[in-house]
Amino acid sequence: MLLRTTDPFRDFDRLTQQLLGTTNRPAVMPMDAWREGDRFVIEFDLPGVARESIDLDVERNVLTVRAERVANNGDWQMLASERTRGSFSRQLVLGDNLDLDRIEASYDAGVLRLVVPVAEKAKPRKIEIGSTSPEAQPAAIEG
1 MLLRTTDPFR DFDRLTQQLL GTTNRPAVMP MDAWREGDRF VIEFDLPGVA
51 RESIDLDVER NVLTVRAERV ANNGDWQMLA SERTRGSFSR QLVLGDNLDL
101 DRIEASYDAG VLRLVVPVAE KAKPRKIEIG STSPEAQPAA IEG
């Protein structure tokens with residue numbers, strides 16, 4: 001005979017960790033972001049998520065990533081449930097110096113990768129200085 005004791009505090013703690021996440025396993029989709037030259041790269045971990053369930057939106061300078069991991073249904077009894085299921089959403093506020101019209105997205109092996117180029121207006125450029133006197137030659141200043 002199997003005796004099973006129920007600890008309501010342990011069950012409540014487990015539920016809280018699933019909903020709010022822990023430092024080891026956050027409830028939101030984990031993300032890395034870095035700059036490579038003239039582009040920013042953002043990667044989201046979405047293991048077990050179908051490509052078709054991922055939705056990317058950009059409105060003004062806010063990038064929204066939504067995804068859904070569907071729960072498996074069947075004629076069986078769950079013995080352990082540690083992987084979060086359902087809908088996930090994350091929003092990032094992107095700077096004005098990025099070209100949001102040219103974002104590239106790819107999804108491979110459970111990793112969503114976004115590449116956001118720096119806008120042309122934000123890149124350094126040379127500005128030529130003119131002169132009103134005929135003997136002066138134009139000089140260039142980096143801006």
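Numbering follows UniProt numbering, with no gaps: position 30 of the sequence shown is 30. Glycine included, each C-beta is placed from N, C-alpha and C at the ideal position. These figures come from a predicted structure and were not determined experimentally.
Beta carbon of residue i nearer than 7 Å to that of residue j
{"i": "V62", "j": "V93", "result": "yes"}
{"i": "A67", "j": "I54", "result": "yes"}
{"i": "V111", "j": "E52", "result": "no"}
{"i": "M29", "j": "R83", "result": "no"}
{"i": "A109", "j": "L56", "result": "no"}
{"i": "R85", "j": "R69", "result": "yes"}
{"i": "L98", "j": "V58", "result": "no"}
In DSSP terms, what residue i is bridged to
{"i": "K36", "result": "The sequence as given places Glu at residue 36; Lys does not occur at that position. Paired residues: R39."}
{"i": "Q91", "result": "T64"}
{"i": "L100", "result": "In the DSSP output, where bridge partners are listed per residue, L100 has none listed."}
{"i": "E52", "result": "Bridge partners of E52: none, in fact."}
{"i": "M31", "result": "F44"}
{"i": "R69", "result": "G86"}
{"i": "E59", "result": "V62"}
Boundaries (first-last residue) of the beta strand (DSSP E) holding residue i
{"i": "P47", "result": "Taken as a continuous stretch (DSSP letters only), P47 belongs to no beta strand (DSSP E), as it is neither H nor E."}
{"i": "G110", "result": "Element bounds for G110: n/a, residue is neither H nor E."}
Buried or exposed (CB count within 10 angstroms, at least 16 for buried), residue i
{"i": "N24", "result": "Bear in mind that a pLDDT of 49 at N24, under 50, signals an unreliable position, so the model cannot answer this."}
{"i": "I127", "result": "exposed"}
{"i": "L114", "result": "buried"}
{"i": "P26", "result": "Bear in mind that a pLDDT of 47 at P26, under 50, signals an unreliable position, so the number given afterwards is only what the model happens to contain. Its Cβ having fewer than 16 others within 10 Å, P26 is exposed."}
{"i": "G130", "result": "exposed"}
* Asked: Counting Cβ pairs closer than 8 Å, one from the segment 118–133 and one from the segment 43–62, do we hit at least three?
  -> Three or more beta-carbon pairs separated by less than 8 Å are not found between the segment 118–133 and the segment 43–62, which leaves the two stretches without contact.
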